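Engineer:
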Amino acid sequence: MRELTFTLEFEHGVDPVADTFMEHPELRSDAIASPIRRDRFWRVEQFLGPGAALDAIERCRLDDDAPDGTTAAATCAAERHHERLERSASTLAVYSFGERLHTSNSVVALAARHLDLGHVFQTRRGKNRQQWRLLMCSETNVSTFYDAVDEHLDSGVSLDIGRLGEADHWNFDSVAAVSLSGVERDTLRAAIRHGYYETPREITVGGLAERLSVPQSTVSYRLRRAEEKLVKGYVDQSMLAPTEERAGQRIDS
């Protein structure tokens with residue numbers, strides 16, 4: 001398996017999704033996507049951030065006529081359909097399905113047009129940057145794909161190439177993969193934001209309860225449950241790691 005990494009940087013006013021990230025610096029997202037055929041793709045995105053930012057993202061994503069955010073050029077007649085998978089005070093997950101990619105010059109569309117099918121995209125967004133990781137079976141037509149992306153970049157978007165080489169690891173975070181309930185996740189994020197886990201602590205459980213307008217016993221219970229799940233998830237995943245890695249030796253280069 002080979003990988004190509006690159007980064008897109010956006011200026012303000014190019015794309016409403018990118019604008020939302022710049023207007024809310026604490027907003028982050030991770031996504032995975034892949035073409036199904038030359039003219040169709042799917043994507044799942046998870047956004048983490050304040051409610052106002054998620055509201056703006058939701059308006060962009062759930063409007064089928066809104067720009068996609070991965071479109072490198074302004075002209076795009078691809079059809080996109082979005083569905084909300086999860087929404088809480090600090091989390092938004094969206095499933096997207098796109099077709100008529102032959103009418104688009106988005107990054108995903110150009111990959112479907114030029115590369116062998118079966119490739120997978122991982123993306124991470126924050127502020128004005130969108131980092132891409134393309135996993136693929138071979139490097140066939142990679143230079144053609146890269147040139148096409150560079151050619152169709154809209155004004156105000158810049159491309160920075162990363163690396164092309166062997167993909168010898170999966171960017172898997174066992175803690176991030178732990179399933180927390182919406183209230184557990186929101187309580188944990190509030191605790192982090194207000195300094196509960198700082199040394200010394202900047203807020204007590206009682207203080208958190210006042211800010212969240214819930215009973216202190218509820219906040220304490222949610223934090224204990226979230227911490228228990230995170231610890232167990234981390235330990236369980238580390239027990240599955242190779243012996244060399246558990247001993248502190250890196251297997252991936």
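Residue numbering for the sequence shown follows the UniProt record's numbering, starting at 1 and increasing by one per position.
Where is the CB? At the ideal position from N, CA and C, for every residue including glycine.
Predicted model, so just to flag it, every value in this text is computed and none were measured.
Assuming residue 262 contacts Val-157 under a Cβ cut-off of 8 Å, what Cβ separation, rounded to an integer in Å, is found between them?
Structural biologist: The chain is shown only over 1 to 253; residue 262 falls outside these bounds and no answer can be derived.
Engineer: Which residue's Cα is closest to the Cα of Met-22: Gly-51, Asn-128, Ile-36, Val-219?
Structural biologist: Position 22 of the sequence shown, counting from 1, holds the residue named residue 22. The shortest Cα separation from Met-22 among Gly-51, Asn-128, Ile-36, Val-219 belongs to Asn-128.
Engineer: Would you list, in sequence order, the uninterrupted beta strand (DSSP E) runs of no fewer than 3 residues that lie entirely inside the segment 136-172?
Structural biologist: The segment 136-172 contains these whole beta strand (DSSP E) runs: 157-166.
Engineer: Below 8 Å, can you find three or more Cβ-Cβ pairs linking the segment 204-213 to the segment 183-193?
Structural biologist: Because the criterion of three Cβ pairs below 8 Å is met, the segment 204-213 and the segment 183-193 touch.
Engineer: Which residues share a DSSP beta bridge with Ser-220?
Structural biologist: Locating residue 220 in the sequence shown gives position 220, where the first residue counts as 1. DSSP, once it has assigned bridges, lists no residue as partnering Ser-220.
Engineer: According to DSSP, is Val-214 part of a helix, a strand, or is it coil?
Structural biologist: Here the question's residue 214 lines up with position 214 in the sequence shown. Correct three-state label for Val-214: coil.
Engineer: Less than 8 Å between the beta carbons of Glu-45 and Ala-89, yes or no?
Structural biologist: Within the sequence shown, the letter at position 45 stands for residue 45. Within the sequence shown, the letter at position 89 stands for residue 89. No. Outside cutoff.
Engineer: Please name the residue, chosen from Ile-161, His-194, Ser-181, Thr-199, that lies closest to Leu-8 on a Cα-to-Cα basis.
Structural biologist: Start at 1 with the first residue of the sequence shown, and residue 8 comes out as number 8. Nearest C-alpha to Leu-8: Ile-161.
Engineer: Based on DSSP bridge pairs, tell me the residues matched to Glu-86.
Structural biologist: Taking the first residue of the sequence shown as 1, we reach residue 86 at position 86. Ala-93.
Engineer: Flag this pair as yes or no: are the beta carbons of Ser-34 and His-102 separated by less than 8 Å?
Structural biologist: The residue labelled residue 34 in the question sits at position 34 within the sequence shown. The residue labelled residue 102 in the question sits at position 102 within the sequence shown. Not a contact, by the Cβ cut-off of 8 Å.
Engineer: Hey, Arg-84 and Leu-62 are a contact pair by Cβ (cut 8 Å); roughly how many whole angstroms apart?
Structural biologist: Counted from its first residue, the sequence shown places residue 84 at position 84. Counted from its first residue, the sequence shown places residue 62 at position 62. Yes, they are in contact, since the Cβ atoms of Arg-84 and Leu-62 sit about 7 Å apart, within 8 Å.
Engineer: With a threshold of 16 other CB atoms inside 10 Å of the CB of Met-136, please say whether the residue is buried or exposed.
Structural biologist: As a first step, residue 136 must be located in the sequence shown, where it is residue number 136. Met-136 should be labelled buried.
Engineer: On the three-state DSSP scale, how would you describe Asp-186?
Structural biologist: Reading the sequence shown from its first residue, position 186 is the one you call residue 186. Asp-186: helix per DSSP, three-state reduction.
Engineer: Could you check whether Phe-10 and Ala-18 sit closer than 8 Å to each other, using their CB atoms as the reference points?
Structural biologist: The sequence position of residue 18 within the sequence shown is 18, counting from 1. The sequence position of residue 10 within the sequence shown is 10, counting from 1. Yes; because the gap between Cβ atoms is below 8 Å, this pair is in contact.
Engineer: Where do the N-terminal and C-terminal ends of the alpha helix (DSSP H) with Glu-58 fall, by residue?
Structural biologist: Translated into positions along the sequence shown, residue 58 becomes position 58. Unbroken alpha helix (DSSP H) run through Glu-58: 51-61.
Engineer: Are Ala-226 and Leu-159 closer than 8 Å when you measure CB to CB?
Structural biologist: Position 226 of the sequence shown, counted from the start, is the residue given in the question as residue 226. Position 159 of the sequence shown, counted from the start, is the residue given in the question as residue 159. Cβ atoms of Ala-226 and Leu-159: not closer than 8 Å.
Engineer: Take the Cβ of Ser-96 as the centre, count every other Cβ of all protein chains shown within 10 Å, and call the residue buried at 16 or more, exposed below.
Structural biologist: Reading the sequence shown from its first residue, position 96 is the one you call residue 96. Buried: at least 16 other Cβ atoms inside 10 Å.
Engineer: Tell me whether Ser-29 is buried or exposed, calling it buried when 16 or more other Cβ atoms sit within 10 Å of its Cβ.
Structural biologist: What you label residue 29 is simply residue 29 of the sequence shown in a count that begins at 1. Under this definition Ser-29 is a buried residue.
Engineer: From the DSSP secondary-structure annotation, give me the bridge partner or partners of Val-120.
Structural biologist: The residue you call residue 120 lines up with position 120 of the sequence shown. Its beta-bridge partners are Leu-135.
Engineer: Following the continuous alpha helix (DSSP H) through Val-107, name the residue where it begins and the one where it ends.
Structural biologist: Walking along the sequence shown from the start, residue 107 turns up at place 107. That run of the alpha helix (DSSP H) goes 107-114.
Engineer: Let me know the secondary structure DSSP gives Pro-16 once reduced to three states.
Structural biologist: By one-based count along the sequence shown, residue 16 stands at place 16. Looking at Pro-16 - three-state DSSP - the assignment turns out to be helix.
Engineer: Return the CA-CA distance between Glu-139 and Arg-163, expressed in angstroms with no decimal places.
Structural biologist: Stepping through the sequence shown from its first residue, residue 139 is reached at position 139. Stepping through the sequence shown from its first residue, residue 163 is reached at position 163. Their Cα atoms are separated by approximately 12 Å.
Engineer: Is it buried or exposed, Tyr-197, if we count other Cβ atoms within 10 angstroms and call 16 or more buried?
Structural biologist: Taking the first residue of the sequence shown as position 1, residue 197 is located at position 197. Exposed is the call here.
Engineer: Helix, strand or coil for Gly-207? Go by DSSP, reduced to three states.
Structural biologist: Residue numbering aside, residue 207 sits at position 207 when the sequence shown is read from its first letter. Correct three-state label for Gly-207: helix.
Engineer: For Gly-165, which residues in the same chain have their Cβ closer than 8 Å to its Cβ, ignoring the five residues on either side in sequence?
Structural biologist: Position 165 of the sequence shown holds residue 165. Same-chain partners within the cutoff: Arg-2, Glu-3.
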